[in-house]
Amino acid sequence: HLRIIVERAEADPVEAIGWLDGISDTKRRGQATAQVAVQWYRRDPVAATQWLSTMPRGSNRDDAISQLAGAWGNPTPQQTALIASIGDQQKRGEAKARQIFAVMRSDPERASVMLRDNDISEKQRAEIEEIIERRDSGF
24 HLRIIVERAE
34 ADPVEAIGWL
44 DGISDTKRRG
54 QATAQVAVQW
64 YRRDPVAATQ
74 WLSTMPRGSN
84 RDDAISQLAG
94 AWGNPTPQQT
104 ALIASIGDQQ
114 KRGEAKARQI
124 FAVMRSDPER
134 ASVMLRDNDI
144 SEKQRAEIEE
154 IIERRDSGF
């Protein structure tokens with residue numbers, strides 16, 4: 024089912040959404056929801072972000088937002104709010120770390136500020152700081 028839904032999402036993300044409820048396994052539904060979000064975001068970032076905003080809170084929504092956070096290299100306030108709304112603390116930290124990595128590609132100084140101002144785990148913070156240091160030193 025997952026492969027079919029991903030293929031449908033590439034062609035018509037709105038149609039693929041209708042298939043998500045047919046997945047009984049919670050983990051697979053979360054994976055499929057994230058993949059639909061990614062495919063839709065590639066086609067229409069505004070519509071995909073709006074869809075995420077209207078999804079009911081829960082694991083599927085959290086998975087989709089977390090997955091997309093890495094694509095938000097210059098996050099809008101709405102995207103930042105979506106990440107902050109992730110209910111699972113670990114997923115929220117992972118999403119914030121992905122977002123910081125995405126920002127780092129285009130604006131390392133802003134990424135450093137985000138790193139200081141985010142409530143991510145110390146392990147994630149240390150990993151990101153190490154990458155920033157290597158990048159700053161030319162490695």
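FYI, in the numbering used here the residues of the sequence shown are 24 to 162. Note that beta-carbon positions come from the ideal geometry of N, C-alpha and C, so glycine has one too.
- Residues Val59, Gln62, Trp63, Arg66 of the same chain have their beta carbon placed closer than 7 Å to that of Pro36, with the five preceding and five following residues left out of the count.
- Runs of the alpha helix (DSSP H) lying entirely within the region 57–118 and spanning at least 4 residues, in chain order: 68–77, 82–92, 100–107.
- In the same chain as Leu75, and ignoring 5 residues on each side of it, the C-beta atoms closer than 8 Å to its own belong to Ala60, Arg84, Ala87, Ile88, Leu91, Leu105, in chain order.
- Taking all protein chains in view, the Cβ of Ile27 is surrounded by fewer than 16 other Cβ atoms within 10 Å, so the residue is classified as exposed.
- Each residue's CA atom was taken as its position, placing Pro131 and Gly45 some 42 Å apart.
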